[in-house]
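If you count the sequence shown from 1, position 142 lands on 142 in the numbering used here, and the numbers rise without skipping.
By construction, the Cβ of each residue, glycine as well, lies at the ideal position given by its N, Cα and C atoms.
Computed from a prediction, not measured in an experiment: that's the story for all the values here.
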Amino acid sequence: MSRIWKPRSVWEDETSGSKASNEKKAFWFYKSNKNPDHKEEEEENRKIKRIRRVLFFIIFILGITLLVLLAVAAYLALAPNSSTSTTIITPTSTTSETSTTSETSTTSETSTTSETSTTSETTTTSVTAMNVACTTSGRGTLKIVTGGSATWTQYQLNYTASTTSRMIMFGFHIVNSNTYYLDSVSIVDRNAPSIELLMNPSFESSTTILIDWTQWCTTGCSTSSWIVSGSNCHLGVGNCFQDSCIPSSGIDFLTQSFTASVGDKYTISFWIRLVGPGPPPLNKLYVDIV
Numbered sequence: 001m002s003r004i005w006k007p008r009s010v011w012e013d014e015t016s017g018s019k020a021s022n023e024k025k026a027f028w029f030y031k032s033n034k035n036p037d038h039k040e041e042e043e044e045n046r047k048i049k050r051i052r053r054v055l056f057f058i059i060f061i062l063g064i065t066l067l068v069l070l071a072v073a074a075y076l077a078l079a080p081n082s083s084t085s086t087t088i089i090t091p092t093s094t095t096s097e098t099s100t101t102s103e104t105s106t107t108s109e110t111s112t113t114s115e116t117s118t119t120s121e122t123t124t125t126s127v128t129a130m131n132v133a134c135t136t137s138g139r140g141t142l143k144i145v146t147g148g149s150a151t152w153t154q155y156q157l158n159y160t161a162s163t164t165s166r167m168i169m170f171g172f173h174i175v176n177s178n179t180y181y182l183d184s185v186s187i188v189d190r191n192a193p194s195i196e197l198l199m200n201p202s203f204e205s206s207t208t209i210l211i212d213w214t215q216w217c218t219t220g221c222s223t224s225s226w227i228v229s230g231s232n233c234h235l236g237v238g239n240c241f242q243d244s245c246i247p248s249s250g251i252d253f254l255t256q257s258f259t260a261s262v263g264d265k266y267t268i269s270f271w272i273r274l275v276g277p278g279p280p281p282l283n284k285l286y287v288d289i290v
């Protein structure tokens with residue numbers, strides 16, 4: 001038996017709840033957005049997504065910060081320390097001497113003479129410590145020699161003493177395997193120019209080690225400094241000081257203490273030459289009185 005198609009009147013009711021309305025909803029898979037539970041679920045999902053984004057961003061920032069801190073810690077652990085210091089100890093001596101003499105003489109038929117002499121000597125040694133940073137900062141108050149010549153060159157400097165205890169200081173900043181040679185150092189008071197104030201000024205009393213001179217800030221030197229003789233020295237004879245040291249601090253010093261008179265004027269002279277592959281201007285010699 002065949003099914004008879006019956007056309008629907010355009011006036012048929014399609015209001016909500018009617019049969020036509022319900023059939024239309026079923027055909028188009030109609031889904032109401034007015035379900036309150038569904039809205040709350042979507043809002044909750046949006047909140048969870050926002051919280052996840054914030055947490056991910058925080059974890060990302062913390063990860064970047066941790067990597068930066070690890071990099072800084074590794075750099076500090078591997079970087080050489082360039083601010084080391086050396087303590088120079090300068091002994092000073094004070095001597096006091098007391099002499100007492102008593103003499104008694106009695107004369108009669110018998111002559112008696114007694115003589116008593118008492119001498120006491122006290123020597124007190126005090127130690128003055130000076131902390132000097134192993135750095136080029138603040139050095140070269142008397143002279144900075146930039147580079148140098150392969151031939152011997154003399155320098156003469158003037159100095160007026162402000163205290164009695166002084167120290168001559170030569171600072172060697174060497175690069176590119178160059179070598180400084182130092183010879184014939186002299187410090188004299190202009191009031192007594194014939195009196196040399198330094199001990200072993202031309203290094204003639206030294207053989208393989210320094211005598212009367214002190215070298216410091218040599219930590220990390222790849223090459224040493226030593227006493228040489230003969231053709232390497234001034235006038236081609238005698239001894240001189242050779243410095244090829246390249247310390248971790250970038251500078252090493254050669255020093256000697258001397259006694260000065262406050263207000264007196266002094267002449268400081270020395271001979272140097274620079275030998276090496278260059279470029280010479282990168283090498284420097286610093287001269288100070290401290």
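Kindly indicate which residue of the options has the alpha-carbon position closest to the one of residue i.
i	options	result
E204	C245, G230 and I195	G230
D243	H234, V287, H38 and L254	L254
C134	G220, A74 and L142	G220
A150	W213, S269, P281 and I61	P281
T267	L157, I251 and F56	L157
S249	L197, D288, V185 and G171	G171
I251	S137, T160 and S269	S137
Q256	H38, T214, L274 and L210	T214
D212	T218, N232 and V185	V185
H173	V290, N283 and D288	N283
L210	S194, V228 and T160	V228
V175	I51, I195, V188 and G148	G148
D264	Q154, W152, G236 and I187	I187
By how many angstroms is the C-alpha of residue j removed from the C-alpha of residue i?
i	j	result
P201	L142	19 Å
E44	V68	37 Å
D183	A192	22 Å
W226	T208	6 Å
F241	R190	26 Å
P277	L66	45 Å
L197	S177	33 Å
W271	H234	7 Å
T146	Y180	12 Å
L76	Y286	29 Å
A71	F57	21 Å
R273	C217	22 Å
P247	K49	59 Å
N370	Q154	Residue 370 lies beyond the stretch modelled for the chain, which goes from 1 to 290, so this question has no answer here.
S206	M199	11 Å
Is the closest heavy atom of the ligand NAP to the C-beta of residue i under 7 Å?
i	result
D264	In terms of ligand content, the structure shown is empty, and the ligand NAP therefore cannot be addressed.
How is residue i classed by DSSP in three states: helix, strand or coil?
i	result
T153	strand
A133	strand
R273	strand
T141	coil
N320	Any question about residue 320 goes unanswered here, given that the chain covers just 1 to 290.
I268	strand
I227	strand
A251	Strictly speaking, residue 251 in this sequence is Ile, with Ala absent from that position. Of the three classes helix, strand and coil, the one that applies to I251 here is coil, per DSSP.
T219	coil
F246	Per the sequence shown, the amino acid found at residue 246 is Ile instead of Phe. Three-state DSSP puts I246 in coil, outside helix and strand.
L76	helix
Y30	Unreliable positioning characterises Y30 in this predicted model, as indicated by a pLDDT of 47, which lies under 50. The coordinate reading is nonetheless provided below. Of the three classes helix, strand and coil, the one that applies to Y30 here is coil, per DSSP.
Exercise. Is the region 260–279 touching the region 164–174, taking contact as three or more C-beta pairs under 8 Å?
Worked result: yes
Problem set entry | Entirely enclosed beta strand (DSSP E) segments - the region 159–217, minimum 3 residues | 165–173, 179–189 and 214–216
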